[in-house]
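Counted from 1, the sequence shown has number 379 at position 379 by this note's numbering; the numbering is strictly sequential. Have a look at the structure below before the remarks.
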Amino acid sequence: MDEQRMQAYVNLIEQLLDCASGEEPAVLQQHADLVDAGLLEVMQQYAAYLDIQGNGNLAQWLLGLVGHLAEAMRITDAEVKKFLENSDLFLLELFLLEVLHLVANSRGDAQQIYPFLEQHQGRLNEQLLQILPEVAASLLGDKLDQQQAVATILFEFGNLIQQFPLGRRWLNLELAIKAYELALEVYTREAFPVDWAMTQNNLAIAYSNRIKGERADNLELAIKTSQLALEVYTRKAFPQQWAMTQNNLAIAYRERIKGERADNLELAITAYKLALEVLTREAFPVDWAMTQNNLANAYSNRIKGERADNLELAIKASQLALEVYTREAFPIDWAMTQRSLANAYRNRIKGERVDNLELAIKASQLALEVYTREAFPQQWAMTQRSLAAAYSDRIKGERADNLELAIKAYQLALQVLIREAFPVDWAMTQNSLAIAYIYRIKGERADNLELAIKASQLALQVLIREAFPVDWAMTQNSLAAAYSHRIKGERADNLELAIKSYQLALQVLTREAFPIDWAMTQNNLAAAYSHRIKGERADNLELAIKAYQLALQVLTREAFPQQWAATQNNLAAVYSDRIKGERADNLELAIKASQLALQVRTHEAFPIDWAMTQNNLGLIYSNRIKGERADNLELAIKASQLALEVYTREAFPIDWAMTQNNLAIAYRKRIKGERADNLELAIKASQLALEVYTREAFPI
């Protein structure tokens, strides 16, 4: 080889080493006459020189390029040029080599690597999943120390790409999983037990977050890999790593689909508590705070034990985490914990419901000060969901306005949580949006219910029974609620669809596994039976009573006072319509159930529910058989008038009209007072009701 060509080879190699990532094909194109076997020979020699000089990572990158060029040069010289000009695959191989080189040189420093990945986001595509094993194989070589170095690079790349906030989340996780799997080909348990355990642990995290594939199967893989890591990461030998792996295992158990939900949550809580035995506040304050936050989430969802107590434990754990996770020191973790706290406050049983919901809203709003859409789009969207849920339940302010705020927040969340990128979160948000549409006051009621049905049906496209049995059942519940109230279509058919969906939900939401959800679904099923048109009316009402009584076996006054009161109120309505049994006795049962409901549904605590029950009680007193008829009608009038203190025309036009109508009935039947005056009052109340009950809006 003449000296002049040798120098040309060296100059080309140095140009390749100095050029910006992605420009290598262009450099090679400019010097296509030098791309031959001689170049490859000199590149290998240059790589050996770099290795001697201590630039082993750069040497590996150059050797990787040699491998790709050697493969490309098996075709004709003319095709080599065409390959260099048009091959996206070749460009991706060079890009991946550059990334791995950067990972090695920076020792996994995200501040150096993430800007590079951000600059070249367009190259993060599915082809990298095929290229990564080939590139890794070209770098491994025969020497054990070189293989170990490459495994370390792959492990670090897996960590970095798993946490990379940009690009497609599902692809980043698949690349991380692939990188960990390749690293484990070197990091065997026998040769490198600690590295093997560390990689298994990180692989578990990736599986827990994985989007591709079946969620249930991914969580089982996360549990399995965490358990494998714990075979090496024992508490005695590696206490901190053992505790962190317990934490990761707990996360997988908390989300687990297979097995009994109640048991999985207990396993999660146990694992979190074990972790906290090592991750103390004094020794590991940040990890302690993280585990407290995770424990709070598990307590929020816990099935075993008293629901009220579990939520208090969740709130306490979140508050403990916030003692370390201050906004100044840990803004992202602070925001995450605020979101957890918001969820616990929204579901809280102890304390005043109205105050708890305001605390939930405030905590979500605080989280959104850090979780901006630009910086944290996914977390922003999930917090919008939490905020929407609190607005949906809010007591303070106008109910109609709160529901609009909820719908808006859900719609904002769906701008980020698109089906392609976040299918499960998209589906869950669609389900929540459906519930908000069911209760919406503004807009046409018929249209809102159609929107609710559509959103539920969209959710069920992702939340299939096999993959997401619980979420499927909850969405069936939402769909049933929409069908129960549907205006369009045949009323009889809609109620049959509602009953069918409730019955499907109960196939998963059993009393043993999901006692609360089972009871709530029984409650909803009872309401559908009470309005059912098909079948015998008397039989349907008996089915409704039975379902309400079943619900009350779980929804006790002590554990679930608000739900207990709501069920008593509903049971009262069915007793007032009951056909079987003595009419007089049924009305007494209805009065008793209403009065029980009012022990919880006070004007101060639950004004809207109180007004509803007062209205129902007024109608029951109007029909009462036992007692003095005149006195019963006075009680009916009083109850309706009390209801109208809350049911104003402006805030609750439909309920106001309904109560005016009930008041008219009582005035028309009234015995006390002047008959002529009572009839005038009845006419006036009916006329007021007709101002809302127009023929166009409410023909029935």
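Note that beta-carbon positions come from the ideal geometry of N, C-alpha and C, so glycine has one too. All values reported here derive from a predicted model rather than from experimental measurement.
If you count every other CB in all the chains shown that lies within 10 Å of the CB of residue i, and 16 or more means buried, which is it?
i       : result
Gln-111 : exposed
Ser-432 : buried
Pro-469 : buried
Asp-609 : buried
Asn-294 : buried
Ala-697 : exposed
Ala-551 : buried
Arg-675 : exposed
Gln-7   : exposed
Pro-515 : buried
Lys-178 : buried
Glu-64  : Here the sequence assigns Gly to residue 64, which means Glu is not the residue at that position. Under this definition Gly-64 is a buried residue.
Asn-11  : exposed
Ile-257 : buried
Thr-76  : Because Thr-76 carries a pLDDT of 48, less than 50, the predicted location of this residue cannot be relied on, and no value is offered for it.
Pro-561 : buried
Leu-414 : buried
Leu-84  : A caution first: Leu-84 carries a pLDDT of 46, below 50, which makes its placement in the model unreliable, though a value can still be read off. Buried, since its Cβ has 16 or more Cβ neighbours within 10 Å.
Gln-379 : buried
Glu-79  : A caution first: Glu-79 carries a pLDDT of 46, below 50, which makes its placement in the model unreliable, though a value can still be read off. So Glu-79 ends up on the exposed side.
Ala-149 : buried
Asn-86  : In this predicted model, Asn-86 has a pLDDT of only 44, less than 50, meaning its place in the structure is not dependable; the value taken from the coordinates is given anyway. Its Cβ having fewer than 16 others within 10 Å, Asn-86 is exposed.
Ile-251 : buried
Ile-113 : buried
Please state whether the Cβ-Cβ distance between residue i and residue j is less than 8 Å.
i       : j       : result
Asn-570 : Ala-526 : yes
Arg-624 : Ile-579 : no
Ser-622 : Ile-665 : yes
Ser-364 : Ser-386 : yes
Ala-528 : Tyr-548 : no
Tyr-272 : Ile-315 : no
Tyr-49  : Ile-13  : no
Leu-449 : Ile-487 : yes
Tyr-187 : Gly-158 : no
Gly-618 : Ser-640 : yes
Leu-311 : Ile-349 : yes
Val-324 : Ala-283 : no
His-68  : Glu-93  : yes
Gln-246 : Leu-274 : yes
Leu-144 : Leu-96  : no
Ala-467 : Glu-214 : yes
Ser-576 : Ile-620 : yes
Asn-209 : Leu-173 : yes
Ala-298 : Leu-276 : no
Which whole-angstrom value is the C-beta distance of residue i and residue j, which I expect to be below 8 Å?
i       : j       : result
Val-416 : Pro-377 : 5 Å
Arg-668 : Ala-657 : Rounded, the Cβ-Cβ distance is 17 Å, inconsistent with contact.
Asn-523 : Thr-567 : 5 Å
Thr-337 : Ala-360 : That pair is no contact at about 14 Å.
Leu-132 : Leu-175 : 7 Å
Ala-436 : Ala-406 : 5 Å
Ala-335 : Ala-296 : With 8 Å as the limit, Ala-335 and Ala-296 do not qualify as a contact, their Cβ atoms being about 14 Å apart.
Leu-509 : Ala-473 : 5 Å
Ala-492 : Lys-534 : 5 Å
Thr-225 : Gln-241 : The pair is not a contact, with the Cβ atoms about 14 Å apart (cut-off 8 Å).
Gln-614 : Leu-642 : 5 Å
Leu-154 : Ala-136 : 6 Å
Ala-605 : Arg-353 : 7 Å
Tyr-647 : Ala-685 : Rounded, the Cβ-Cβ distance is 13 Å, inconsistent with contact.
Say the cut is 7 Å; is the CB of residue i nearer than that to a heavy atom of the ligand NAP?
i       : result
Gln-503 : Absence of the ligand NAP from the depicted structure is noted, as is the absence of any ligand whatsoever, leaving it without description.
*Residue ranges of each alpha helix (DSSP H) within the stretch 608-656, 4 or longer*: 629-646
_Which runs of the alpha helix (DSSP H) at least 4 residues long sit entirely within the stretch 567-603? Give them in chain order._
583-600
_Segments assigned alpha helix (DSSP H), at least 4 residues, entirely inside the stretch 97-123_ = 110-119
*Taking only runs of the alpha helix (DSSP H) that begin and end inside the stretch 228-306, which ones reach a length of at least 4 residues, in chain order?*
239-255, 261-278 and 285-301
*Which ranges would you report for the alpha helix (DSSP H) in the stretch 347-377 if only whole runs of at least 4 residues count?*
353-370
*Only counting runs of 4 or more residues, tell me where the alpha helix (DSSP H) segments fall wholly within the stretch 175-233, in order along the chain.*
193-209 and 215-232
_Segments assigned beta strand (DSSP E), at least 3 residues, entirely inside the stretch 304-343_ = none
*asked:* Which complete alpha helix (DSSP H) runs does the stretch 651-693 hold, if anything under 4 residues is left out?
replied: 653-669 and 675-692
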